[in-house]
Amino acid sequence: MKIIDIIYGFFDRLEDHVRASLSRHPFIYTFIGGAGVVLFWRGVWHTADLLESNGGITSIIFSSIGSIILGIIILLGTGLFVSVFIGESIIMSGIKKDKKVIDKTIEEVEEEKLNVQSTLDMVRELKEEVESLEKEAHEHLIK
Numbered sequence: 000m001k002i003i004d005i006i007y008g009f010f011d012r013l014e015d016h017v018r019a020s021l022s023r024h025p026f027i028y029t030f031i032g033g034a035g036v037v038l039f040w041r042g043v044w045h046t047a048d049l050l051e052s053n054g055g056i057t058s059i060i061f062s063s064i065g066s067i068i069l070g071i072i073i074l075l076g077t078g079l080f081v082s083v084f085i086g087e088s089i090i091m092s093g094i095k096k097d098k099k100v101i102d103k104t105i106e107e108v109e110e111e112k113l114n115v116q117s118t119l120d121m122v123r124e125l126k127e128e129v130e131s132l133e134k135e136a137h138e139h140l141i142k
C-alpha cells in the first residue's frame with residue numbers, strides 16, 4: 000500500500016500546483032481541461048468498441064443497447080444518474096426556487112451578501128457568548 004500512497008501524494012501535489020497555475024488563466028485552463036475530458040471519454044469509447052468487436056458476451060454488453068443499460072445500471076448504482084445529467088446545483092436551486100446568479104440583480108446579490116454577513120455576525124456573537132460562559136464556569140469551578 001505504500002506505493003499507492005506515494006503515487007496518490009505525487010498526483011495530489013501536482014494537481015494542486017497545476018490548478019493554482021492554470022486558475023490564473025481560465026481560457027487556457029478551459030481548453031486543457033476540455034481536451035482531457037474528451038480524450039478520457041474517447042479512450043472509454045474505443046475500449047468499449049474493442050470489447051464489442053471481440054465477440055461473445057462482451058459484444059452484447061458493449062452493443063448500443065447493452066451500453067445504455069450498463070450505463071444506467073452503473074449510474075443508478077452509484078447514485079449519480081440524476082446529478083450527471085442535471086447537476087446538483089440546478090436541482091437545489093429548483094427546490095429553493097432560486098434564480099441563476101446571472102439572472103439575479105445587483106440588489107439581490109447585495110441583499111444575499113448582507114444576509115450572509117448578518118449570519119456571520121450572529122455566529123461571532125454566539126462564539127463570544129459561549130467563551131464568556133466557559134470563562135464564568137471555569138471561575139466558579141476554581142472557587
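Residue numbers for the sequence shown follow numbering that gives the first Met the number 0, beginning at 0 and rising by one. Idealized CB from N, CA, C, for every residue including glycine.
Extent of the continuous alpha helix (DSSP H) run through residue i
i: Lys95; result: Element bounds for Lys95: n/a, residue is neither H nor E.
i: Leu79; result: Here Leu79 belongs to no alpha helix (DSSP H), and DSSP marks it neither H nor E.
i: Thr46; result: 25–52
i: Ser58; result: 56–60
For residue i, three-class secondary structure by DSSP
i: Leu125; result: helix
i: His137; result: helix
i: His16; result: helix
i: Ser117; result: helix
i: Ser63; result: helix
i: Ser22; result: coil
C-alpha gap between residue i and residue j, whole angstroms
i: Asp48; j: Ile60; result: 11 Å
i: Thr104; j: Asp4; result: 47 Å
i: Lys1; j: Gly32; result: 30 Å
i: His45; j: Gly54; result: 15 Å
i: Ala19; j: Glu107; result: 31 Å
i: Pro25; j: Leu38; result: 20 Å
i: His137; j: Leu74; result: 54 Å
i: Thr118; j: Glu128; result: 15 Å
i: Ser62; j: Ile72; result: 15 Å
i: Val122; j: Ile6; result: 41 Å
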